[in-house]
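A.B. asks: Would you mind keeping the following structure in view while I ask a few things?
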Amino acid sequence: MLATGKFLAKANFQQTLIVLTSKCTTILVISITYNINFKPKRMREIEKTEEEWQKELTGMQCFVLREKGTERPYSSPLNDNKEEGIYVCAACDTPLFSSETKYDSGSGWPSFYTPIGEQSVEEIVDKAHGMIRTEVVCRKCGGHLGHVFNDGPKPTGLRYCMNGLALKFNKTA
Ligand SMILES: [Zn+2]
Numbered sequence: 121m122l123a124t125g126k127f128l129a130k131a132n133f134q135q136t137l138i139v140l141t142s143k144c145t146t147i148l149v150i151s152i153t154y155n156i157n158f159k160p161k162r163m164r165e166i167e168k169t170e171e172e173w174q175k176e177l178t179g180m181q182c183f184v185l186r187e188k189g190t191e192r193p194y195s196s197p198l199n200d201n202k203e204e205g206i207y208v209c210a211a212c213d214t215p216l217f218s219s220e221t222k223y224d225s226g227s228g229w230p231s232f233y234t235p236i237g238e239q240s241v242e243e244i245v246d247k248a249h250g251m252i253r254t255e256v257v258c259r260k261c262g263g264h265l266g267h268v269f270n271d272g273p274k275p276t277g278l279r280y281c282m283n284g285l286a287l288k289f290n291k292t293a
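Quick note, the sequence shown lines up with residues 121 to 293 if you use my numbering.
Encoded structure:
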């Protein structure tokens with residue numbers, strides 16, 4: 121009698137353990153799925169609604185900066201610009217690139233071998249259009265600027281391939 125009781129207690133305990141383990145696993149799976157799929161959107165220092173951006177930017181600037189579009193190569197007057205100055209974000213005026221690091225990449229887009237500071241831009245893996253590229257966005261407002269590639273000149277070997285529409289040029293006085 122005592123032995124059966126012990127056996128039952130053990131079986132009960134094991135069952136409870138199994139149920140608990142499976143519940144924990146379910147909770148774990150749900151929480152992992154939630155974290156992957158519902159990661160809250162990263163807050164930017166400058167946050168505006170798409171309506172607000174549309175009022176401040178031209179249609180083409182919105183297409184590039186907000187919808188991650190790409191301007192036609194050789195369409196930007198900044199591509200050939202050789203004046204000394206600072207290139208700022210067309211959406212929020214944050215300094216992004218210096219004329220000192222601009223070079224002629226032959227791509228038809230304004231190209232730089234490094235941003236003006238480590239905190240000026242953010243690089244994000246972009247898997248759109250069946251390619252894996254590194255997208256470059258303005259760190260402050262999140263505006264899409266272009267992409268960075270590994271075929272640039274020394275000293276970095278990087279090519280920041282930017283849309284002229286995403287930039288404004290401030291000539292050094
Ligand atoms: Zn910006």
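Glycine included, every Cβ here is placed at the ideal spot set by N, Cα and C.
Buried or exposed: which applies to Arg91, given that a residue is buried once 16 or more other Cβ atoms fall within 10 Å of its Cβ?
C.D. replies: Limits of the chain in this structure are 121 at one end and 293 at the other, which puts residue 91 out of reach.
A.B. asks: Given this structure, state the Cα-to-Cα distance separating Gly250 from Ile206, to the nearest angstrom.
C.D. replies: Whole-angstrom Cα-Cα distance: 34 Å.
A.B. asks: Between Lys260 and ligand 1, is the CB less than 7 Å from at least one heavy atom?
C.D. replies: Answer for Lys260: yes, Cβ within range of ligand 1.
A.B. asks: Looking at C-alpha atoms only, which residue of Ser195, Gly262, Asp224 is the closest neighbour of Glu167?
C.D. replies: Looking at the Cα atoms, Gly262 is the closest of the given residues.
A.B. asks: For Thr254, which three-state DSSP category applies?
C.D. replies: In this structure, Thr254 counts as strand in the three-state DSSP scheme.
A.B. asks: Sorted by chain position, which residues of the same chain lie with C-beta nearer than 6 Å to Met180's C-beta, five sequence neighbours on each side aside?
C.D. replies: The residues are Leu285.
A.B. asks: Check whether the Cβ of Gly237 lies closer than 7 Å to any heavy atom of ligand 1, and answer yes or no.
C.D. replies: Checking the Cβ of Gly237 against ligand 1 gives no.
A.B. asks: If you follow the alpha helix (DSSP H) that Glu171 is in, where does it begin and where does it stop?
C.D. replies: Per DSSP, Glu171 belongs to the alpha helix (DSSP H) from 170 to 176.
A.B. asks: What are the boundary residues of the beta strand (DSSP E) that includes Met180?
C.D. replies: Premise fails: Met180 lies in the alpha helix (DSSP H), 179 to 185, not in any beta strand (DSSP E).
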